[in-house]
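J.: Got a structure here, written out as structure tokens. Questions coming.
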Amino acid sequence: MTDVKNLEELFQAKIDAEQKIEPKDWMPDAYRKNLIRQISQHAHSEVVGMLPEGNWITRAPSLKRKAILLAKVQDEAGHGLYLYSAVETMGTSREQTIDDLLSGKAKYSSIFNYPTLSWADIGAIGWLVDGAAIMNQVMLCRTSYGPYARAMVRICKEESFHQRQGYEIMAVLAKGSPEQKEMAQDALNRWWWPSLMMFGPTDANSPHSEQSMKWKIKRQSNDELRQTFIDRTVQQAEVIGLSIPDPDLKWNEETQHYDWGEIDWTEFNNVVAGNGPCNKERLAARNKAHNDGAWVREAALAYAAKKAKRKAA
Amino acid sequence: MSNNPNNWPLWEIFIQSKRGLEHKHVGSLHAADPQMAIENARDVYTRRQEGNSIWVVLAEHMHASRPEDAESFYDPADDKVYRHPTFYTMPEGAKYI
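Here the protein sequences line up with chains A and B, keeping their order.
For the first sequence, the residue numbers in numbering that gives the first Met the number 0 are 0 to 312.
For the second sequence, the residue numbers in numbering that gives the first Met the number 0 are 0 to 96.
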């Protein structure tokens, strides 16, 4: 009989050989737990992420922008579903996963606990928040768990429209009236730092990272991804004439990267702990939607049972 | 997996991207009945014209081979190179073969 140690070696050898792990393969318990946590958090982020944007669907400045925003929010629902499906392949029920979100036990990306105060925030979210998410998601297309990697490929194909529509909103506002430009700059000021926090704690303070790298769940560190995001985004801000709200931001000729200021980790920890501006509102909205939809789920089942009975008769 | 009868069952979704091509597995979703599964699959998996035909199969009706048996299960094919056309030496000069 093969013992666990041997199985673990075989498992790691598969990973080292760049073979994907599939649902029915043996995997260490910790790998399964780690992925269930990560993929479900990711799924919840897609779903909760619909709330700040949904806030502006009825108030989009034109029919075109409204149609685009609707399509984007619908994509986010789809992304949540791809990911929930991936979690389910690990043997945990959909019901359990959703319950963990609704009870507050599971986390989602803290960025969605900030409010969308103006239309420019929709631009900033697409450009910065989706932009930061893409950095992470492109890496995850090569993650070691097959169903997660396949979901990410699908998501990445769709996500680039999200970032581009956001950047376009910002570009248009920045070229508009002084008030519009100011609105765009204000949105950038408020979303910049929370977007950098999306990459998670610094490598020195990231307890799960080393194991995740060994299992090839992650392939780049938080700090690497954050730096690439900053390097790319600063240039994009320059193109549209907006300024990054960081007095310490400076090009470093030697490293060929931007040096930048300090993230306020106290704020980060506060929002993660549930004390952000919208944590309670977001969770309440999800719970309300779930409870208000209960009769629909029941009715659909009753209808399906009735139809099946009629067919059998 | 959940056995709660109040939950919609899980369906595996297969999409044909173009007439003439095979249906390919793309993922899964929950739905109360086959029609709803097909409609939800359209909304979830074909938002950008990725397909023109959808199959849905109750996940509980799917059966799969066991990865831990893979070696012995597939080894009968390992020593049968003569199943490939390149195994055979054709006489020099023969055409269209």
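Where is the CB? At the ideal position from N, CA and C, for every residue including glycine.
These figures come from a predicted structure and were not determined experimentally.
Decide yes or no for the touch test of the stretch 41-61 of chain A against the stretch 235-254 of chain A: beta carbon pairs closer than 8 Å, at least 3 of them.
T.: The answer is no - the stretch 235-254 of chain A does not touch the stretch 41-61 of chain A, with fewer than three Cβ pairs under 8 Å.
J.: Which runs of the alpha helix (DSSP H) spanning at least 4 residues fall entirely within the stretch 62-107 of chain A, listed in chain order?
T.: Listed in chain order, the complete alpha helix (DSSP H) runs (minimum 4 residues) inside the stretch 62-107 of chain A are 62-87 and 93-101.
J.: Following the continuous beta strand (DSSP E) through Tyr73(B), name the residue where it begins and the one where it ends.
T.: From DSSP, Tyr73(B) is part of no beta strand (DSSP E) but of the alpha helix (DSSP H) over Ala69 to Tyr73.
J.: My assumption, with CB atoms under 8 Å, is that Ser44(A) sits in contact with Tyr107(A). Please give the rounded CB distance.
T.: Correct: roughly 4 Å between the Cβ atoms.
J.: Whose CA, out of Trp191(A), Trp214(A) and Ser205(A), lies closest to the CA of Glu223(A)?
T.: For the residues Trp191(A), Trp214(A) and Ser205(A), the minimum Cα distance to Glu223(A) belongs to Ser205(A).
J.: In three-state DSSP terms, what is Trp192(A)?
T.: Helix.
J.: Rounded C-beta distance between Ser84(A) and Leu28(B)? I'm assuming under 8 Å.
T.: Sure, about 7 Å apart at Cβ, within 8 Å.
J.: Taking its Cβ as the centre, do 16 or more other Cβ atoms sit within 10 Å of Thr265(A), making it buried, or is it exposed?
T.: Exposed.
J.: With three or more beta-carbon pairs closer than 8 Å as the criterion, would you say the stretch 131-143 of chain A touches the stretch 238-245 of chain A?
T.: Contact fails: fewer than three Cβ-Cβ distances are below 8 Å.
J.: Do you know whose CA, among Ile37(B), Ala63(B), His60(B) and Met61(B), lies nearest Asn51(B)'s CA?
T.: The shortest Cα separation from Asn51(B) among Ile37(B), Ala63(B), His60(B) and Met61(B) belongs to Ile37(B).
J.: Note down, in chain order, all residues in the stretch 78-91 of chain A with a beta-carbon under 9 Å from any beta-carbon belonging to chain B.
T.: Per Cβ criterion, the list reads Leu80, Tyr81, Tyr83, Ser84, Ala85, Glu87, Thr88, Gly90 and Thr91.
J.: May I ask you to report which of helix, strand or coil DSSP gives His22(B)?
T.: If DSSP states are grouped into helix, strand and coil, His22(B) belongs with the strands.
J.: In angstroms with no decimal places, state the Cα-to-Cα distance between His289(A) and Gly48(A).
T.: Taking the straight line joining both Cα atoms gives about 16 Å.
J.: How long is the line joining the alpha carbons of Arg225(A) and Ser102(A), rounded to whole angstroms?
T.: Each residue's alpha carbon lies about 31 Å from the other.
J.: Using the C-alpha atoms, what's the distance from His24(B) back to Met61(B)?
T.: Met61(B) and His24(B): Cα-Cα distance of roughly 12 Å.
J.: Based on the DSSP output, what are the partners of His256(A) in its beta bridges?
T.: Asn251(A).
J.: If I measure Cβ to Cβ from Gln210(A) and keep anything under 8 Å in the same chain, skipping five residues before and after, which residues do I get?
T.: Once the five neighbours on either side are set aside, the close Cβ partners of Gln210(A) are Ala29 and Asn33.
J.: Does the distance from the C-beta atom of Lys13(A) to that of Ala148(A) stay below 8 Å?
T.: It is not a contact, given that the beta carbons lie outside the stated cut-off.
J.: Quick check on Val43(B) - is its C-beta less than 8 Å from some C-beta in chain A?
T.: Output row for Val43(B): interface = yes.
J.: Are three or more beta carbon pairs between the stretch 123-137 of chain A and the stretch 171-190 of chain A nearer than 8 Å?
T.: Judged by Cβ distances under 8 Å, the stretch 123-137 of chain A makes contact with the stretch 171-190 of chain A, as three or more pairs qualify.
J.: Could you check the C-alpha separation between Ser117(A) and Thr227(A) for me, to the nearest Å?
T.: Approximately 28 Å between the Cα atoms of the pair.
J.: When we look at the beta-carbon of Thr142(A) and count the other beta-carbons within 10 Å, is it buried (16 or more) or exposed?
T.: Buried, by the Cβ-count rule.
J.: Does the beta carbon of Met49(A) sit closer than 8 Å to a beta carbon anywhere in chain B?
T.: No, its Cβ sits nowhere closer than 8 Å to a Cβ of chain B.
J.: With DSSP as the reference, identify every bridge partner of Ile262(A), one or two as the case may be.
T.: The partner list for Ile262(A) (beta bridge, DSSP) is empty, contrary to what the question assumes.
J.: How would you label His256(A), buried or exposed, when you count the other beta carbons within 10 angstroms and need 16 or more for buried?
T.: With fewer than 16 Cβ atoms within 10 Å of its Cβ, His256(A) is classed as exposed.
J.: When you compare only the Cα positions, how much space is there between Met182(A) and Arg153(A)?
T.: Answer to the nearest angstrom: the Cα atoms are 33 Å apart.
J.: Going along chain B in order, which residues have a C-beta closer than 9 Å to the C-beta of Arg296(A)?
T.: What Arg296(A) touches in chain B: Asn5, Asn6, Trp7 and Ala31.
J.: Quick one, are the C-beta atoms of Ala31(B) and Ala299(A) less than 8 Å apart?
T.: Yes, they are a contact pair.
J.: Taking just the CA atoms, how far does Leu100(A) sit from Gly275(A)?
T.: Between Gly275(A) and Leu100(A), the C-alpha separation is close to 17 Å.
J.: So with CB distances below 9 Å, who are the chain B contacts of Trp25(A)?
T.: Neighbours of Trp25(A) on chain B, chain order: Pro66 and Glu67.
J.: DSSP state of Ser44(A), grouped into three classes?
T.: Helix at Ser44(A).
J.: Three-state secondary structure (DSSP) at Trp55(A)?
T.: Coil.
J.: Along chain A, in chain order, which residues have C-beta atoms closer than 8 Å to that of Ala63(B)?
T.: The answer, in chain order, is Lys23.
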